[in-house]
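If you count by the working numbering, then the sequence shown holds residues 117 to 271, one letter each, in order.
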Amino acid sequence: MKGFVRIMAVVVVVTFAPPSALPVDDRPDQPQPQSPDLEAGRKALDTKDYKSALGHLIKAAKETPSDADVHNLLGFSYRKLGQFDRALEHYRLALKIDPNHRGAHEYIGELYLETGQLANAERQLQALHKACPWFGRCPEYEDLKEAVEKYKVKR
Numbered sequence: 117m118k119g120f121v122r123i124m125a126v127v128v129v130v131t132f133a134p135p136s137a138l139p140v141d142d143r144p145d146q147p148q149p150q151s152p153d154l155e156a157g158r159k160a161l162d163t164k165d166y167k168s169a170l171g172h173l174i175k176a177a178k179e180t181p182s183d184a185d186v187h188n189l190l191g192f193s194y195r196k197l198g199q200f201d202r203a204l205e206h207y208r209l210a211l212k213i214d215p216n217h218r219g220a221h222e223y224i225g226e227l228y229l230e231t232g233q234l235a236n237a238e239r240q241l242q243a244l245h246k247a248c249p250w251f252g253r254c255p256e257y258e259d260l261k262e263a264v265e266k267y268k269v270k271r
């Protein structure tokens, strides 16, 4: 009975509390628009125009240096152009900004495979397993897992 009374008291307080006493969600319903350079960089990546993507993404990184997505895409572009050191630098920046950035974990894992560092790729796979909701079930985990398995078969 005491539990019921407590629950009813909470219901009454929440129901009749002035609006200023209740938590306010001031986040916008719509996501914030991306920078034009980030959008242009994504479009260039969609067409595999990595050099053009780099130009746009470098500008986007100057606008928003703490955007993990921008650094992840910069890393991807550099990796696709064979500039592994620069790619690694941007993947690490993305993970410093957002340690659970699934895309960065996947792509840095792929970079490690491309440079013959299986153990490092497997560490990224473990990090993805922890970062992915649903017990490691996410596209990034599945993609890197498949890449690791293919790498092992080729060895």
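Positions of the beta carbon are idealized from the N, C-alpha and C atoms, including for glycine.
Taking the C-alpha atoms as reference points, what is the distance between residue i and residue j?
| i | j | result |
| --- | --- | --- |
| Pro144 | Lys268 | Reliability of the predicted coordinates at Pro144 is poor, the pLDDT of 43 falling under 50, and the value obtained from them is presented with this limitation in mind. The alpha-carbon atoms of Pro144 and Lys268 are separated by roughly 46 angstroms. |
| Asp142 | Thr180 | Interpretation of Asp142 is limited by its pLDDT of 38, a score under 50 that renders its predicted location unreliable; no figure is taken from the coordinates. |
| Lys159 | Asp185 | 14 angstroms |
| Gln146 | Phe200 | Low confidence applies here, because Gln146 scores a pLDDT of 44, under 50, leaving its location unreliable and the question unanswered by this model. |
| Val264 | Gly191 | 19 angstroms |
| Lys167 | Phe251 | 37 angstroms |
| Tyr194 | His187 | 10 angstroms |
| Pro139 | Cys248 | Only weak support is given to the placement of Pro139: the predicted model assigns it a pLDDT of 39, under 50, and the question is left unresolved by the model. |
| Arg271 | Leu170 | 32 angstroms |
| Leu189 | Leu173 | 7 angstroms |
| Glu230 | Gln150 | 31 angstroms |
| Leu165 | Lys178 | Residue identity differs from the one stated: residue 165 is Asp in this sequence, not Leu. One C-alpha to the other measures close to 20 angstroms. |
| Asp183 | Lys266 | 32 angstroms |
| Tyr223 | Lys246 | 16 angstroms |
| Gly232 | Leu197 | 17 angstroms |
Using three-state DSSP, classify residue i as helix, strand or coil.
| i | result |
| --- | --- |
| Asp165 | coil |
| His221 | helix |
| Leu189 | helix |
| Asp183 | coil |
| Arg202 | helix |
| Arg271 | coil |
| Asp145 | Reliability of the predicted coordinates at Asp145 is poor, the pLDDT of 49 falling under 50, and the value obtained from them is presented with this limitation in mind. Coil. |
| Arg253 | coil |
| Pro215 | coil |
| Ala263 | helix |
| Ile170 | Checking the displayed sequence, the identity of residue 170 turns out to be Leu instead of Ile. In this structure, Leu170 counts as helix in the three-state DSSP scheme. |
| Leu197 | coil |
Give the range of the alpha helix (DSSP H) segment to which residue i is assigned.
| i | result |
| --- | --- |
| Asn236 | 234-247 |
Just to check my reading of the structure: residue i and residue j have Cβ atoms closer than 8 angstroms, yes? What is that Cβ distance to the nearest angstrom?
| i | j | result |
| --- | --- | --- |
| His221 | Leu244 | 5 angstroms |
| Tyr207 | Leu227 | 7 angstroms |
| Asp162 | Ala176 | Actually they are not in contact, since the Cβ atoms of Asp162 and Ala176 sit about 15 angstroms apart, beyond 8 angstroms. |
| Leu241 | Gly225 | 6 angstroms |
| Arg202 | Cys254 | That pair is no contact at about 27 angstroms. |
Practice task
State whether the stretch 231-238 contacts the stretch 212-220, with contact taken as three or more CB pairs (one from each stretch) at a distance under 8 angstroms.
Solution key: no
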